[in-house]
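Step one of this worksheet: look at the structure below.
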Amino acid sequence: MSDDGDGGRKNLRMPEDDEVFATVTDMLGANRVKVRCADGTERTARIPGKMQKRIWIREDDVVLVEPWDWQDEKADITWRYEKSEADQLREEGHIQ
599 MSDDGDGGRK NLRMPEDDEV FATVTDMLGA NRVKVRCADG TERTARIPGK MQKRIWIRED
659 DVVLVEPWDW QDEKADITWR YEKSEADQLR EEGHIQ
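Encoded structure:
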């Protein structure tokens, strides 16, 4: 087992076509959260059923959201980053 000396850098999932980085600002209940997106928009995001009870989302978590085409003030959460992954995104300049 060799150590390549990269400081533990991981290849992280990056936003695809419609996705944007967001930070959870408030838990609304009923599988909904308030997020502040990287494009400067506050949105109400939905935690999809496949993530419920498997991936726990809390305030200040960094997530990927996909805004709805027909209602821009709403979105679906598609991914949650661990704290170490969020720190790596900040160091690399992808998010503030």
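Position one of the sequence shown corresponds to residue 599 (the numbering used here), numbered consecutively onward. Where a beta carbon is used, it is the ideal one built from N, C-alpha and C, also for glycine.
| Item | Value |
| --- | --- |
| Using the C-alpha atoms, what's the distance from Trp-654 back to Ala-628? | 14 Å |
| Taking contact to mean at least 3 C-beta pairs separated by less than 8 Å, is the segment 640-657 in contact with the segment 679-694? | no |
| Please list the terminal residues of the continuous alpha helix (DSSP H) segment that includes Glu-640. | From DSSP, Glu-640 is part of no alpha helix (DSSP H) but of the beta strand (DSSP E) over 640-644. |
| Taking only runs of the alpha helix (DSSP H) that begin and end inside the segment 660-689, which ones reach a length of at least 4 residues, in chain order? | 681-689 |
| What are the residues that DSSP puts in a beta bridge with Lys-632? | Asp-624 and Thr-642 |
| Measure the CB-CB distance between Lys-672 and Arg-641 and report whether it falls below 8 Å. | yes |
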